[in-house]
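Accompanying notes for the structure given below.
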Ligand code: NDP
Ligand code: 8X3
């Protein structure tokens, strides 16, 4: 049985991915900052697979490395890494953006992803196998009004994804990115700091992607034969054609 480490497993895409991978008999290391949610998911999935939880903030280099280096033996071999933890913080023009929001996005979406990857990649190199899926975004392919720093953080994920592919190619490790458009999760609640009206407006009048849609794609990517690597994939709801072209009347 394989083991997957999923960051951001307490909500949205990460949580749905955990549920989906359990159906594929993949043991799980679930990460996030909200221990009670990790505990609940562990309880839910432990009937079918082995589940271990790691509660850390991806911004803490020390906690990331301590947690991953001290995994119990049963979970020490990580076959799959889903780099999913991340959020947008704010949606403001560059001239009025909040510095704390900028720090959060760069520290979590970029540096956090790097810390977790740095803790896991040496294990995969020793094994000469592994599969890393980086959750990017359409915001890593386009820049939209007021998206500035979030888009920058996801463009960085796009570059890191390509960098990992190039550098890890010699070890037989698969690396790929999934770049979704609008997915209804807690993402907009976080972006708009619990302003429910603004959060709901993001999905108003359209049929957005669900986190289960992304989990389904992740499972598809993971179950391709060894010689097939989905390197970079964009997925939109049918109502969306780009970051700014969204049909809200379908
Ligand atoms: P959610 O807000 O539902 O989930 C975000 C997850 O990230 C949570 O589990 C959260 O866990 C975790 N997380 C956030 N900050 C930290 C941190 N500092 N340390 C550790 N974990 C953290 O949003 P989504 O599921 O939508 O987002 C998942 C990924 O998908 C993100 O990378 C996002 O950028 C990307 N994405 C989302 C899209 C969307 O429209 N929703 C579209 C394209 C990409 P906890 O708070 O418990 O730490
Ligand atoms: C999340 C999708 O369009 O809000 O990455 O940036 S978007």
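Numbering (this note's numbering), first residue to last: 184 to 433. The beta-carbon is built from N, C-alpha and C at its ideal position, and this holds for glycine as well.
Terminal residues of the beta strand (DSSP E) in which residue i lies
i           : result
residue 417 : 415-418
residue 358 : 357-363
residue 200 : Unbroken run through residue 200 is the alpha helix (DSSP H), 195-206; no beta strand (DSSP E).
residue 187 : 186-189
residue 317 : 314-318
Span separating the alpha-carbon of residue i from that of residue j
i           : j           : result
residue 413 : residue 245 : 32 Å
residue 347 : residue 338 : 14 Å
residue 236 : residue 212 : 6 Å
residue 201 : residue 306 : 21 Å
residue 164 : residue 279 : This structure cannot settle anything about residue 164, because the visible part of the chain is limited to 184 through 433.
residue 290 : residue 297 : 10 Å
residue 252 : residue 400 : 29 Å
residue 431 : residue 362 : 21 Å
residue 364 : residue 196 : 12 Å
residue 406 : residue 187 : 13 Å
residue 314 : residue 424 : 29 Å
residue 367 : residue 384 : 11 Å
residue 391 : residue 185 : 31 Å
residue 199 : residue 223 : 13 Å
residue 312 : residue 281 : 41 Å
residue 193 : residue 217 : 7 Å
residue 263 : residue 286 : 28 Å
residue 419 : residue 429 : 10 Å
First through last residue of the alpha helix (DSSP H) which encompasses residue i
i           : result
residue 296 : 296-310
residue 215 : Taken as a continuous stretch (DSSP letters only), residue 215 belongs to no alpha helix (DSSP H), being part of the beta strand (DSSP E) at 210-215.
residue 397 : 394-405
residue 344 : 331-351
residue 372 : 370-374
residue 225 : 218-228
residue 282 : 282-288
residue 382 : 379-384
Assumed close pair residue i, residue j - CB separation to whole angstroms, cut-off 8 Å
i           : j           : result
residue 191 : residue 268 : 3 Å
residue 203 : residue 360 : Wrong, their Cβ atoms sit about 18 Å apart, outside the cutoff.
residue 239 : residue 250 : 5 Å
residue 266 : residue 317 : 5 Å
residue 389 : residue 422 : 4 Å
Beta carbon proximity, residue i to chain B, threshold 8 Å
i           : result
residue 185 : Structure shown: chain B not included; a single protein chain is present.
Return the chain-ordered ranges of every alpha helix (DSSP H) run that is complete within the segment 239-271 and spans a minimum of 4 residues. 244-252
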